[in-house]
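Here is the structure we will look at, set down as structure tokens.
There are 2 protein chains.
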Amino acid sequence: MASTCIVGSMKRPIVPRITVITLGVEDLERAVAFYRDGLGWPTQGIIGSEFPDGAVAFFSLAGGLQLALWPRASLAKDAGVRPGHPNPAELSLGYNVLESSAVDEIFAIAVAAGAAPTKSPGPTFWGGYAAYFQDPDGHLWEIVFNPDLLPAA
Amino acid sequence: MASTCIVGSMKRPIVPRITVITLGVEDLERAVAFYRDGLGWPTQGIIGSEFPDGAVAFFSLAGGLQLALWPRASLAKDAGVRPGHPNPAELSLGYNVLESSAVDEIFAIAVAAGAAPTKSPGPTFWGGYAAYFQDPDGHLWEIVFNPDLLPAA
């Protein structure tokens, strides 16, 4: 006679993943212009304006990840939190590249597009080569060459 | 005779991608415990402690994306910015699921692991089903069922 197992109380593991990164912004049109026109990233532009606090823009990134730009006030309301003052130390988005010269190149394009440079390209303490800038809403991006973490494309 | 093109002044497009999402945290061990023990996500734990401001933890997510946890003070110093007060409206990380019941399930596991619920599971204004919580450092996560944006795994 075959034995049976009770598995009803077993939790399924939570697959480690992020599907959408939403950045809170002050001026949605300005933010869209930076990523669309400055970096050249494709987007349908601002959608959802027919809903209160619905105006948002999505950018499709490599690997199926989505970047969303949404006013901080809308995000706070939807999430049920009180917005504070902008804080650049909340996060950094890492953009890994295949060679150190690409750090210089992308940093220059971003700054030309209106990004605020906060750290010019140079060697890192862990042996890589990187630079940081802030987007128009203060969100940090690190452009980084790490021989141990090369992007797939 | 073949014609030639001068392409030296053409900019290469910036491939839209994010390879690493770094979250600023107040207490690195507490943050690692939430993701490792509470959500069950694999990590090597805290590495880099031999460098000043180098202590960091990485989690490998689906699709090759990395989630990093790094003290806000270390991030601010490395990036060359002044840290402000924590602000939950800076970002939200979206965790899309395959069915609405998974929203309830993952929300419950996260809250049991110490997350602060800010919006209980329920229908969204755009026709989906979602919930929000904050991790121990106030970073928002939205667990969301969107029939138009299903995760690959």
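These protein sequence lines map, in sequence, to chains Z and X.
For the record, in the first sequence the residue sitting at position 100 is 100 according to my numbering, with numbers rising by one throughout.
So my numbering is basically just the index in the second sequence, starting at one, shifted up by 1000.
For glycine and all other residues, C-beta sits at the position ideal for the given N, C-alpha and C.
Residue i, buried or exposed, once every other Cβ within 10 Å from all chains shown has been counted against 16
i         : result
Ser1074/X : buried
Glu29/Z   : exposed
Pro133/Z  : As written in the sequence, residue 133/Z is Phe, which differs from the Pro given in the question. Buried is the call here.
Phe125/Z  : exposed
Pro1042/X : exposed
Whether residue i touches residue j by CB criterion (7 Å)
i         : j         : result
Glu1026/X : Asp1148/X : no
Ile1014/X : Leu93/Z   : no
Pro1083/X : Ala89/Z   : yes
Phe1059/X : Tyr1035/X : yes
Arg17/Z   : Leu1150/X : no
Candidates the options, of which the one nearest residue i by Cα
i         : options                         : result
Ala115/Z  : Val20/Z, Asp37/Z, Pro13/Z       : Asp37/Z
Leu23/Z   : Val15/Z, Ser49/Z, Pro86/Z       : Pro86/Z
Glu1105/X : Leu1091/X, Pro1121/X, Ile1047/X : Pro1121/X
Val20/Z   : Pro123/Z, Gly64/Z, Trp126/Z     : Gly64/Z
Val1103/X : Gly1128/X, Ser1060/X, Phe1034/X : Gly1128/X
Ala76/Z   : Val1032/X, Pro1123/X, Lys1119/X : Lys1119/X
Pro71/Z   : Asp1053/X, Phe1107/X, Leu1091/X : Leu1091/X
Beta carbon proximity, residue i to chain Z, threshold 7 Å
i         : result
Ser1092/X : yes
Phe1107/X : no
Val1025/X : no
Arg1030/X : no
Tyr1129/X : no
Residue-chain proximity (residue i, chain X), Cβ-Cβ < 7 Å
i        : result
Pro121/Z : no
Ile14/Z  : yes
Arg36/Z  : no
Thr118/Z : yes
Val103/Z : no
Met10/Z  : With a pLDDT of only 49 at Met10/Z, under the threshold of 50, the placement of this residue in the model should not be trusted, and no figure is reported.
Val220/Z : Outside the displayed span of chain Z (1 to 153) sits residue 220/Z, for which this structure offers no information.
Ala57/Z  : no
Cβ-Cβ separation, residue j to residue i (assumed contact under 8 Å), whole Å
i         : j         : result
Val111/Z  : Ile143/Z  : Wrong, their Cβ atoms sit about 11 Å apart, outside the cutoff.
Ala1055/X : Ala1068/X : Ala1055/X to Ala1068/X, Cβ: 11 Å. No contact.
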